[in-house]
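Okay, structure first, notes after.
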Amino acid sequence: MKWRAYPKYKDSGIEWAGKVPEHWEVIRLKYAFVLQRGFDLASDKFIDGCYPVCASNGIIGYHNQWTTAGPSVTVGRSGSVGEVNFIESDFWAHNTALYIKHFKRMEPRFAYYLLKTVDLKSLSAGTAVGTLNRNYIHDLPIANPVLPEQHAIAAFLDRKTTHIDALIAKKERHIELLQEKRAALISHAVTKGLDPTVPMKDSGVEWLGEIPAHWEMKRLKHIISLVTSGSRGWARYYSESGDVFLRMGNLNRDSIDLDLSEIQYVRPPSGTEGERTQVRSNDILISITAYVGTVGLVPNGLGKAYVNQHTALLRPQHKQVNARWLAHCISSTVVQPQFAITEIGGTKVGIGLDDLRDITLVYPPLGEQEDISMHLDSQISRIARSIAKVQESITTLREYRTALISAAVTGKIDVRQEAV
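Each residue of the sequence shown is one higher than the one before, starting from -13 at the first, in the numbering used here.
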């Protein structure tokens, strides 16, 4: 929808605002509201209550006392610098946030939308992490409409952004359903096969149920020729060029294909350590710390490459194993719970190589492995394209939301009659 413009404009003298409605007053933000730094409250001092504790990144918990009457607006001071949140009720303003202590000539919701438009992060200064000084915000020039007009603009934006957010939530749910479909597709293919008429047998594993009668249950160690972890302390070998050094960031939780958008290069030392951790095409990489069990398959044509210490390298016995099938199998919701069971101490510290060797999976003949791999590659590609399309539409909606807010609070569109 195309909204009308105001009848007359003037140059605001504000770089990010440009021309504004002629009747809007250009003032410094300190004349519209007063910002104050929040109050210290360690997480172990929270006492269960009904008042939200709002830090730089939003609500982080609840407490039995409040410092600030709502409604108000907070701005990330340190940590999530410049993040803006609106708090409807009374709350505890955390010391990592600034909060609006007093609204002088600005309506709270309009202040929220206006601050969402300003590039507050660029005002951060101080430590390497960056902090936001309230005085820098106070000194910002703005074009300020009268309060009734602010109310109208805020009401319009409330209605429009609520609608946009609902559309985004619906699309995000669609992506979740597509991801669930992909997971179910993989798990069914690697445990039941592609032929629905094949005779079945009890797997002997309670959580697995029946499997094709001619398939076997095998441990990973019986179908791989090598399992090792990557090299430690190779940061000193980093370079601008050289051989590829694969890290956990190159593993993709949504695909068995490596993410090579960011590559670290190394000039490795000669000797057995380098030889041990050098990968080959169709090797399988598995994260063994942090996001334990994330899988990646080394592609053809990667060139000379190595893995780091947080990643295990598995080399399938290629005469009896299709590498893409095995990667799909390990990534399935049937196998993945075994990583959780064997995590060291149950705290997601990592998984040992011996535990990795003992992972149990369902093993079909090589020909069926190849058929399953091709089937999954085809179906997963279709789902990935659908997800990408939905994600693109979400990006468009978010960009539209941002542009609409900016246009309204800087007077590029006249929405005074649209709020009703």
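Here a beta-carbon is modelled for each residue, glycine too, at the ideal position from N, C-alpha and C.
For Tyr(-5), which beta-bridge partners are listed by DSSP? Taking the first residue of the sequence shown as position 1, residue -5 is located at position 9. Beta-bridge pairing links Tyr(-5) to Pro7.
C-alpha gap between Val184 and Lys156, whole angstroms: As a position in the sequence shown, residue 184 is number 198, starting the count at 1. As a position in the sequence shown, residue 156 is number 170, starting the count at 1. So the two alpha carbons sit approximately 39 Å from each other.
With 16 other Cβ atoms within 10 Å as the buried cut-off, status of Asn71: Start at 1 with the first residue of the sequence shown, and residue 71 comes out as number 85. Label assigned to Asn71: buried.
Quick one: grab the DSSP three-state call for Glu329. Position 343 of the sequence shown, counting from 1, holds the residue named residue 329. Summary for Glu329: the model assigns pLDDT 49, below 50, so the residue's position carries little reliability; its value from the coordinates is reported in the next sentence. Note: Glu329 maps to coil in three-state DSSP.
Opposite Ser189 in the DSSP bridges: which residues? Residue numbering aside, residue 189 sits at position 203 when the sequence shown is read from its first letter. BP columns for Ser189 are empty, so no partner.
Buried or exposed (CB count within 10 angstroms, at least 16 for buried), Gln303: By one-based count along the sequence shown, residue 303 stands at place 317. So Gln303 counts as exposed.
Going by DSSP, what residues sit across from Pro38 in a beta bridge? Position 52 of the sequence shown, counted from the start, is the residue given in the question as residue 38. Beta-bridge pairing links Pro38 to Tyr48.
Residue range of the alpha helix (DSSP H) that includes Thr396: For this step, residue 396 is matched to residue 410 along the sequence shown. Bounds of any alpha helix (DSSP H) do not take in Thr396, whose DSSP letter is neither H nor E.
Could you check where the beta strand (DSSP E) with Ser215 kicks off and where it finishes? In the sequence shown, residue 215 corresponds to position 229, counting from 1. It spans 210 to 215 - the beta strand (DSSP E) in which Ser215 sits, taken as one unbroken run.
Identify which residue in Leu246, Gln250, Ser217 has its Cα closest to the Cα of Ser225. The residue labelled residue 225 in the question sits at position 239 within the sequence shown. Residue Gln250 holds the alpha-carbon nearest to the alpha-carbon of Ser225 among Leu246, Gln250, Ser217.
So, with DSSP's three-state summary, where would you put Met92? Looking up residue 92 in the sequence shown gives position 106. Looking at Met92 - three-state DSSP - the assignment turns out to be coil, as it is neither helix nor strand.
Provide the residue(s) that pair with Ala79 in DSSP beta bridges, ordered along the chain. Working through the sequence shown from its first residue, we reach residue 79 at position 93. Ala79 is bridged by DSSP to Cys40.
When the distance is taken between beta carbons, is Leu271 closer than 8 Å to Leu246? Translated into the one-based positions of the sequence shown, residue 246 becomes position 260. Translated into the one-based positions of the sequence shown, residue 271 becomes position 285. Cβ distance not < 8 Å, so Leu246 and Leu271 don't count as in contact.
Starting from the Cα of His208, find the closest Cα among Ala370, Gln295, Val307, Trp78 and give me that residue. Numbered from its first residue, the sequence shown carries residue 208 at position 222. Nearest option by C-alpha distance: Val307.
At which residues does the beta strand (DSSP E) containing Ala129 begin and terminate? As a working note, residue 129 is residue 143 in the sequence shown. For Ala129, the enclosing beta strand (DSSP E) stretches over residues 127 to 130.
Taking DSSP's pairing of strands, which residues face Asn294 in a bridge? Position 308 of the sequence shown holds residue 294. Looking at the DSSP assignment, Asn294 forms a beta bridge with Ser217.
Roughly how many whole angstroms lie between the Cα atoms of Asp151 and Glu378? The sequence position of residue 151 within the sequence shown is 165, counting from 1. The sequence position of residue 378 within the sequence shown is 392, counting from 1. Cα to Cα, the separation comes out at about 15 Å.
Residues of its chain near Tyr315, where Cβ-Cβ distance is below 7 Å and the 5 sequence neighbours each way are ignored: Within the sequence shown, the letter at position 329 stands for residue 315. It should be pointed out that residue 315 corresponds to Cys in this sequence rather than to Tyr. Here the set comprises Val176, Val321, Leu347.
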